[in-house]
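K.L.:
In order, the protein sequence lines correspond to chains A and B.
Everything in the first sequence is counted per this note's numbering, starting at 686 for the first residue and increasing by one.
Everything in the second sequence is counted per this note's numbering, starting at 14 for the first residue and increasing by one.
Dumping the structure here so I can ask a few things about it.
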Amino acid sequence: DARVTQTPRHKVTEMGQEVTMRCQPILGHNTVFWYRQTMMQGLELLAYFRNRAPLDDSGMPKDRFSAEMPDATLATLKIQPSEPRDSAVYFCASGRTSRGNQPQHFGDGTRLSIL
Amino acid sequence: QKEVEQNSGPLSVPEGAIASLNCTYSDRVSQSFFWYRQYSGKSPELIMSIYSNCDKEDGRFTAQLNKASQYVSLLIRDSQPSDSATYLCAVIASGNTPLVFGKGTRLSVIA
Chain A
686 DARVTQTPRH KVTEMGQEVT MRCQPILGHN TVFWYRQTMM QGLELLAYFR
736 NRAPLDDSGM PKDRFSAEMP DATLATLKIQ PSEPRDSAVY FCASGRTSRG
786 NQPQHFGDGT RLSIL
Chain B
14 QKEVEQNSGP LSVPEGAIAS LNCTYSDRVS QSFFWYRQYS GKSPELIMSI
64 YSNCDKEDGR FTAQLNKASQ YVSLLIRDSQ PSDSATYLCA VIASGNTPLV
114 FGKGTRLSVI A
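Now the structure itself:
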C-alpha cells in the first residue's frame, strides 16, 4: 500500500535548537497538509500546499515555524528556535483533489519533545 | 468559523454491543464527511467516507449522514475490544478546502 512517509519518527532536543521534519507524500497526491496534535487541542492544521504552492499557513506561529515544498516528493516543516510548548506529534497528510473531495491519508507522525 | 463537534467520551460499550458515535458540523455547505480511527500512539486511519444522505455500510461499520440536521454518525455493530480507539469526524466544505476535524470520541469496548 502507498504510504505517507515522515522522518524522523521521534525527536528530542533542547529549547532553542532548530528542528526539521520531513514528509514524502503518496505518489500522485497533489495536496500536502501539516498538522499538530496535542491532548488539549486535538488536531490543528498548521499549513497546506496544493501542487507545491502554499495555500494557507495561518495556523502556524510565523515567527518560528516555516513550511516549504521544494519538490513534489518532499515537504518540510521547520521550527527555529524551538520552545517546550512546541512538544507535540506532528502529522503530515496527503490527498488528491483532482477527483473531487478526496480524503487525506496520514503519515505515522513525528513525536517531538523540546526540553 | 467552521466547527465540527464530537462528544469526547469516553464511550464505554460491552463487547458485542452496538457503539454509536455522533458528530455535528456548523458549515451548511459541507460536501464530504469522513470517519478516522486513531489508536493510542498511532496516526489517524481513514475507515469510512460518506457524501450523500444515506446509510453507507462497510462490514461492521455503518455511516449515516443527515445534511438537513447537519450531523453524521458512525455505528459499529458487534463491537470488539480491538475497536477501542479514538474516532475522529472530519468534514470538507469543498474540494479546495482542507478537512476540519472534531476533537474525537474515545471508545472503550469492554470484554
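The beta-carbon is built from N, C-alpha and C at its ideal position, and this holds for glycine as well.
None of these values were measured; they are calculated from a predicted model.
Given this structure, state the Cα-to-Cα distance separating residue 732 of chain A from residue 764 of chain A, to the nearest angstrom.
P.N.:
13 Å
K.L.:
Name the residue from B:92, B:75, B:21 whose alpha carbon lies nearest to the alpha carbon of residue 725 of chain A.
P.N.:
B:21
K.L.:
Measure the Cβ-Cβ separation of residue 756 of chain A and residue 799 of chain A and say whether it is below 8 Å.
P.N.:
no
K.L.:
Given a cut-off of 8 Å, decide if residue 74 of chain B and residue 60 of chain B are closer than it, judged by their beta-carbon atoms.
P.N.:
yes
K.L.:
I want to verify the contact list: residues of chain A whose CB lies under 9 Å from the CB of residue 24 of chain B, in sequence order.
P.N.:
Within chain A, no residue comes near residue 24 of chain B; the closest Cβ sits about 17 Å away, beyond 9 Å.
K.L.:
For residue 67 of chain B, is the classification buried or exposed, using 16 other Cβ atoms within 10 angstroms of its Cβ as the cut-off for buried?
P.N.:
exposed
K.L.:
To the nearest whole angstrom, what separates the beta carbons of residue 752 of chain A and residue 758 of chain A, a pair I think is in contact under 8 Å?
P.N.:
Incorrect: roughly 15 Å between the Cβ atoms, too far for contact.
K.L.:
Indicate, with yes or no, if the ligand ATP has a heavy atom lying under 7 Å from the CB of residue 771 of chain A.
P.N.:
You won't find the ligand ATP in this model; it holds no ligand whatsoever.
K.L.:
Does DSSP put residue 751 of chain A in a helix, in a strand, or in coil?
P.N.:
Looking at residue 751 of chain A - three-state DSSP - the assignment turns out to be strand.
K.L.:
Which stretch, first to last residue, makes up the beta strand (DSSP E) that contains residue 16 of chain B?
P.N.:
Here residue 16 of chain B belongs to no beta strand (DSSP E), and DSSP marks it neither H nor E.
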